[in-house]
Structure formats: C-alpha cells, structure tokens
C-alpha cells in the first residue's frame, strides 16, 4: 500500500488496515469501516469523499483517537505526527488532541457554548494546554480572526455565538482549531450547512489559512467541487471501503472505479429539462405579494416584511425555479402559496380563480391541486405511520381509489418497490423518504407541486436521481413544478423559468436559458461566481482576482435598493430610491438602477 | 396462552415489571373474591400477630386478618386511582394536544386556567372537594382526576408542541384534515412513550393523595379501606415489626415501582 519512494520523508499521517466496528444497543457488532489504508505527507491536504454512511467522519474521528458511543477501533494502525494513536492513554490523548491535531466540525452553530463569549472559547485550547499565556493567546486569536477575514477582528471575540452568522462562526471555529498551531487539522464538512455565497468566503479563509499556517489536513466532504479547490489528493469511500485513491486532478478527470465515475457524473451540471413547453396562461399567478410577520403597522405593512412586492407567474406544465440565500424569503413565499402563511397585500390567482390566503378558506379542489413537498425528509413523514397508511390516507381523503393497486401505482410513479409499502419512515433511507414524500404529493393528483429545497439534505448521487425523477414526472403527467433551491446547478438543470430572490425582492426573473446570457443583476452574478467549479485551482484564481472578501454587518438603506450594502457596483442613486425593473435583451427582467451596458 | 405469547416477545428486563403489574391488576379485580375472611371481622385476640399458617400476613391492631384487608385495600386503591388517572390523563392529553394545535387564544386561556388549578396544593383541593360534596367513591375519583389533569395537560402540550412543528402535520393540515384526525392519528401515536411514563407518575401521585386523604379520615370511609389507610392505622405495629404495617407499605412500593418500570420500558422501546 505504500506510495512513498524510499528517499521521501515518512508520511505525517499513516493509516494502515483500519477497521472500525459499531453496534446498536446490544446487537451484534457490524463493520463501519474495513481495511482502510492511506498516507498523508506533511503539508498535504487529503480529501475523504463519500456519501452519508460511507464512514468518512468515523475515519476522521479515529485519527483523533476517538470513536463515537457504541463504536470502537477494532484493528489497524494509526500514526499521526509520530504518535501511535491506538496506544495512547487518556491523558496523552488529551494533550495530543489539543496540541497535535484539531477538529473543525460541521455545524459551528451547535459547537459553541451559547453562554460564553467567543474569545473565551477560542483561546481555551491554548490556556488548557498551557501553550500561551492569556494575553498572548488573545493577540494570537485576533491575528487569526484577521487572517480569516472576519469583520472587526479586535472586537468580534466579545460577541456571543448567536450574534454571529453561520459563516462567521465556522471561521471562528477554524481560529479556535488553529490557536494551538496543530500539525494536523481535520475539516468535517465545514461548509455543508452554508449558503454558496457564504461557503466561498469560508473556503477562501481556509485556503489562506492553509497557505500561511502550513498545516497538514484531512478534509471530509461529499462535494467534489470543494475537493477540487481544497485538496491535493483524495480517497473515495463507499460503505466503509476505499474505492479509489489518487491526486485530485486524476480522480476528477479520469475516475477509474464505477462508483467514482457515477459520483463525478452526478456532480457535473447537466441539462435535464430538454423540452420547454410553449408559454401558456399562468396556472398560478402571483401579483405584488407582500408577506411578513408581526402586527401590521400604520401603513398596513407587517412589522417584519419578509417577501416584498413579488410578482411571479407559474405556467402550466413548466418548472419555475426560485433561488436565493437563507433568509431571502423563499420559504416564506412557498408557505404563502401553500396557504400556511397569510399574506398582507397582493393577490394570487390559481387556474383563473382568486386563491384565498388561508388554507381553511380554499376549496377542496384548490387544496388538492396544489401540493407541497417539504424539505426535510425526516420531518415530512409521520414516523408512526407506514408508507402505505400515509398514501392510503391521501387517496381516501380526496375520494380517489385507495386499493392496493392504486397504492402500487403511486409507488411506481416514484420508482419505489411495493415491498416498501409496509415500512415505517425510520426504516427508509434519505432518498427513499424523499420519494415517499413526493409520492404523497402525487397521490393527490396535483397540477402544481411546490418543492421546498427537496434535494438540499441528500447526497449528490441521490439528489441527481430525484431531479431526474422530477423531470420524468413532468413529461409523463404534465405537472407544473415550483422548485425552491439554493443550488444553482440544480436550478439550471430542471427549470424553465428562474426567479432570483434577495431580501424578499425578486431581483431577476428570466428563462433558464437566459441565465447564460449577460447582463445580470449583480446578485445573480455573485451567486454564479460563488459556485465552486470542478476545476482545481479555481478558488486560488478567485482569491487572486478579488482579494479576500469581507462580509461585514450589512444594513440595507431604509429606502433604496436592499442589495446596496453588498453590491460591488453600487452608485449614489441606489441609496435613495428602490430600483425599477427593466427588461434585458435576453428577456430577463432585472431590478437594478444600473442598465444593461453597466452590468454586462 | 394469549397472555404468554406477547410476554415472550418482550425483553427479560421488561417481563418482570409487566408481570408485577399484571399481578396487581389481577389482585385488584379478584382480591375481594379470594379473601379468606371478611374485611371488618375480628378473627384473633392477638393484635399485631406475626406471620402464621392461619393468618398468612398476621393480624392488625384490632386483630383482623391482614391478608384480607390487604386484598380489599389493594382493590380499592388500584381501581380508584386507575380510574382517576385514566380520566385525568385522557382529558389532559386531549386538551393539551388541542391547545398545541390551535395555539393563540385557545392555548392561552386553557394554559392559564390549568396553571391556576395546579397552583392550589393537591391535598387542599381534595379536602375542599370532600368538604363540599361529601366523601364517596365518585367524588374522590373526580376530585383526583381534576387535580391531576393540569399536570398531564402541561406534559402533553409540550410534547405536542414539538410534534406540531413537524412537516407531516403541515401536510395533513394542507390536505384539510380536521382537528380530531390530527390529534388521534398524527400526533398521539408519536407521543405514546412519554405519555405512558406520565400516566405512571400520575398514578403514583393519585395513590399518595388517596392515602393522605385516608390518613386525614376524609378518604375512603370504613369499612372500606385502601393501602394508605392500612399503613396508617397499623403504624403502631412498626414497634413490633408487625407484618400488618410492612405488608401494605411493601404493596404500595411494589405496585408503583412495577407499574412505572413497565410503562417506562414501553416508552423507551419506541
């Protein structure tokens, strides 16, 4: 297994024949990871790639000498920076974890203690291991904050975790990991929970930190585009076995194993939606919608406006995509359409009839013809009901045929075997749950299906299959889809029309094809530029081109364009008046003060 | 046959408490019929007699057969408290789920009312109820049900609140399902575990309250008896180490602990 030639220095991390086992309750031990071997040379970044359940996090944790409850390191050799991880006792491990190896977890929001200011938590490793006195530790932390391009690095340490955004917390966590100057840093999907625009800021900060601190890294992820940017070499895992190992370039361009090929293919953006239907009358027509929370103010607007004056048509038989970062109002918009969140102003027409704001006031036909598929597959299905019972209830509720044959037909529609009918949701995989979720919506024979980030929680390969299924159903059943996402690739591949939402405003509305033709709203351009490409070295190019981005505290002007504080091309006018919408030659409707020639 | 089959499917850790619970249930129903003597009958001239072949659990402070009194006492304690608990928990659970579903005004009014009831000490409420309506079995059951409903309501409301947030409730609501369906089919099956544990707790509280009321002489009136009053009336026997006081105390412990383990295990299995 050794890939080092005799003259090169020994690898900093060496894993030989690692086997991890786990048991559930008092059940038998089952292997999680079997016979995994790899080396990481000093200063190198190795990516562990795999879908959920492939054992990548377990391996990363094993490097720190830790196994989750119920799991254990069964056999194999783990050497990290000259330490034999398996033979160390508890106090040696403690010192090893503080000084030699550091771990950056996925969800920084949950990793910080909400009751302590951030600085206390960042310098804690340095103090606990007596590496630096407090004063120097604080100085070092501030230097790290500066390197991470955090806003106000001198004072941000005094904040509490809830006062920082997710991207900021992730970078502060990296600072905490780096404060003891460890030789090895493990990144466990640090950007998976972040928006694309935030993700790129965090990746840039990590990249700069890697260059300046020169640590050896292990990067756990399922996103090949991130691997391309962050890692030198990659190990592809499936079901606890190594599928393939090689340099990043080699794995991305010439994958040898079928699984890797499948993974690479699923990550490549490709057009699934080949036949756009001719524009017909809108099935759902949204006009000047204002949705918000809190009691109405004197001018009739809600205290907190989430969706502001949005007009969108969803035509029969087409897919409308809505994209935007978290907090832009896309979920609120979909909830308003679904009748769960009443709107303050504006109107909706469904099939030529006005649609009441509240679900209780809608007619049974309106409720049946518009179905919501919600995001989180774990929350959408009642865990106490079998798949069959769930589907049967929908069929009987709408007075459809609820025989076993009808249930089989619905399961067929989402390509699920009938054998799953008797299962309970916790016995299904994430992709299967999402298919049952779709099946429940389809059982009602809807005309419009509202999809709220249905692929966000799924692995790349599974998500690609769900998108394929959506498009097949669109062709077979002539369904209209409303597809809300923050994934630009997915949006491009399935949608006919696209709306870009920012801070509750629709800043751009165009056909999917027009997304490739400039000019665009500055925010659309930022979204596009933030999606990592599969090309190694792309991120370095972006950093060189833009310098490191500062994401400061942004406050939109009371009147004027809400995107102004982040806009690179803002002019004085933007602060004064809200932008008007104009049509570009490509057919895109853009809400911006600048004009086509300035935005191209 | 019908009993042993489901039992065998349970883990050994659960079998024991389930058997204990079934035993006490059997005693509760069959006790008065298999009792060797009459509950008020003085059968021996020795008070606080030790265990003997004639009187399996000895005699009490008046020379009555303790086993007989224990069988009768268990019956009234278990049946009365079970009735009160079932009433309290059924009402509490349904009101709690309703409040969680409706939220807004319904929730506020119900919750404040329940808070009001819960703020009065349970013994005091019991005394007031008995003083107003007199001490009888229906009054005791209803009083205990009313006293323990708010606690059950609060537990169930909290449990239901977290379930109501989930998207499958949203899906059912969007379909236009009625509140009754949501409560019975969508919410209740997802909280049976914790609710059963709660039922066990309420039952123990009810046993304690009934014993307290009996101690004060306003609970079950003689010749009726319950485990609490048996313990109290034979308190003097402690000095002699008489089974007359130990047996009912052990019975209370065994009954409550067994029931709780059984319900708790049922909850944890899910």
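Chains as they are written, first to last, in the UniProt record's numbering: chain A, 1 to 600; chain B, 1 to 270.
The C-beta atom is built at its ideal place from N, Cα and C for all residues, glycine as well.
Nothing here was measured: the structure is a model prediction, and the numbers come from that model.
Enumerate in chain order the residues of its own chain whose CB-to-CB distance from residue 524 of chain A is below 6 Å, with the five nearest sequence positions on each side excluded.
500 and 508
Under a three-way DSSP split, which group does residue 81 of chain B fall into?
helix
So which residues of chain B does residue 342 of chain A contact, with C-beta pairs closer than 9 Å?
Within 9 Å Cβ-Cβ: nothing; residue 342 of chain A doesn't reach chain B, min ~13 Å.
Threshold first: 4 residues or longer. Then list the alpha helix (DSSP H) segments lying entirely within the segment 21–107 of chain B, N to C.
66–102
Which runs of the alpha helix (DSSP H) fall wholly inside the segment 119–145 of chain B and span at least 4 residues, in chain order?
122–133
Bridge partners - residue 241 of chain A, DSSP secondary structure assignment
A:238
Which residue comes first and which comes last in the alpha helix (DSSP H) that contains residue 370 of chain A?
Not the alpha helix (DSSP H): residue 370 of chain A falls in the beta strand (DSSP E), residues 370–373.
Which residues, in order along the segment 189–205 of chain B, keep a beta-carbon less than 7 Å from a beta-carbon of chain A?
189 and 190
Cβ atoms of residue 156 of chain A and residue 118 of chain A: under 9 Å apart, would you say?
yes
For residue 558 of chain A, which of A:531, A:543 and A:503 has the nearest alpha-carbon?
A:503
Can you check the segment 369–437 of chain A for any beta strand (DSSP E) of at least 3 residues that lies completely inside it and give the ranges in chain order?
370–373
Secondary structure of residue 282 of chain B, DSSP reduced to three states:
No answer is possible for residue 282 of chain B: the residues shown for chain B start at 1 and end at 270.
Do residue 132 of chain B and residue 203 of chain B come within 9 Å of each other at the CB atom, strictly closer than that value?
no
Neighbourhood of residue 4 of chain A by C-beta distance below 6 Å, restricted to the same chain and skipping five residues each side
In this prediction, residue 4 of chain A has a pLDDT of 47, which is less than 50 and means its spatial position is unreliable; what the coordinates show is noted afterwards. For residue 4 of chain A, where only same-chain residues beyond five positions count, there are no Cβ hits under 6 Å.
Would residue 169 of chain A pass as an interface residue toward chain B - the criterion being a Cβ-Cβ separation below 9 Å?
no
Nearest candidate by alpha-carbon position, reference residue 282 of chain A, set A:521, A:481, A:207 and A:413
A:481
Are the beta-carbon atoms belonging to residue 143 of chain B and residue 130 of chain B less than 9 Å from one another?
yes
Could you check if residue 352 of chain A is buried or exposed, using at least 16 other CB atoms within 10 Å of its CB as the buried criterion?
exposed
Which parts of the segment 186–241 of chain A are runs of the beta strand (DSSP E), unbroken and 3 residues or longer, counting only runs that do not cross its ends?
216–221 and 233–238
Cβ-Cβ separation, residue 179 of chain A to residue 150 of chain A (assumed contact under 8 Å), whole Å
Rounded, the Cβ-Cβ distance is 14 Å, inconsistent with contact.
Going by Cα to Cα distance, which pick from B:239, B:259, B:225 and B:161 is closest to residue 70 of chain B?
B:225
Selected residue, minimal CA-CA separation from residue 445 of chain A, among A:506, A:364, A:280 and A:18
A:364
Compare the C-alpha of residue 331 of chain A against each of A:296, A:57 and A:453 and name the closest.
A:453
Verify the CB distance criterion: does residue 1 of chain A have a CB-CB separation below 9 Å to chain B?
Because the pLDDT at residue 1 of chain A is just 41, under 50, the model does not fix this residue reliably, and the point stays unresolved.
Would you kindly report the start and end of the unbroken beta strand (DSSP E) that includes residue 104 of chain A?
101–104
Taking residue 166 of chain B as the query, report the chain A residues whose CB atoms sit under 7 Å from its CB, ordered along the chain.
379
Thinking residue 21 of chain A and residue 31 of chain A are a contact (beta carbons under 8 Å), I'd like their distance in whole angstroms, please.
5 Å
Work out the CA separation of residue 575 of chain A and residue 562 of chain A for me, nearest whole Å.
9 Å
Could you tell me whether any Cβ in chain B is nearer than 9 Å to the Cβ of residue 372 of chain A?
yes
Let me see if you follow: with CB-CB separation under 9 Å, is residue 399 of chain A close to chain B or not?
no
Work out the CA separation of residue 584 of chain A and residue 513 of chain A for me, nearest whole Å.
13 Å
Would you call residue 421 of chain A buried or exposed, if buried means 16 or more other Cβ atoms sit within 10 Å of its Cβ?
buried
Tell me the rounded alpha-carbon separation between residue 544 of chain A and residue 203 of chain A.
14 Å
State yes or no: is the beta carbon of residue 41 of chain B nearer than 9 Å to at least one beta carbon in chain A?
no
To the nearest angstrom, how far is it from the Cα of residue 252 of chain B to the Cα of residue 124 of chain B?
23 Å
Is residue 95 of chain A closer than 9 Å to residue 129 of chain A when the C-beta atoms are compared?
yes
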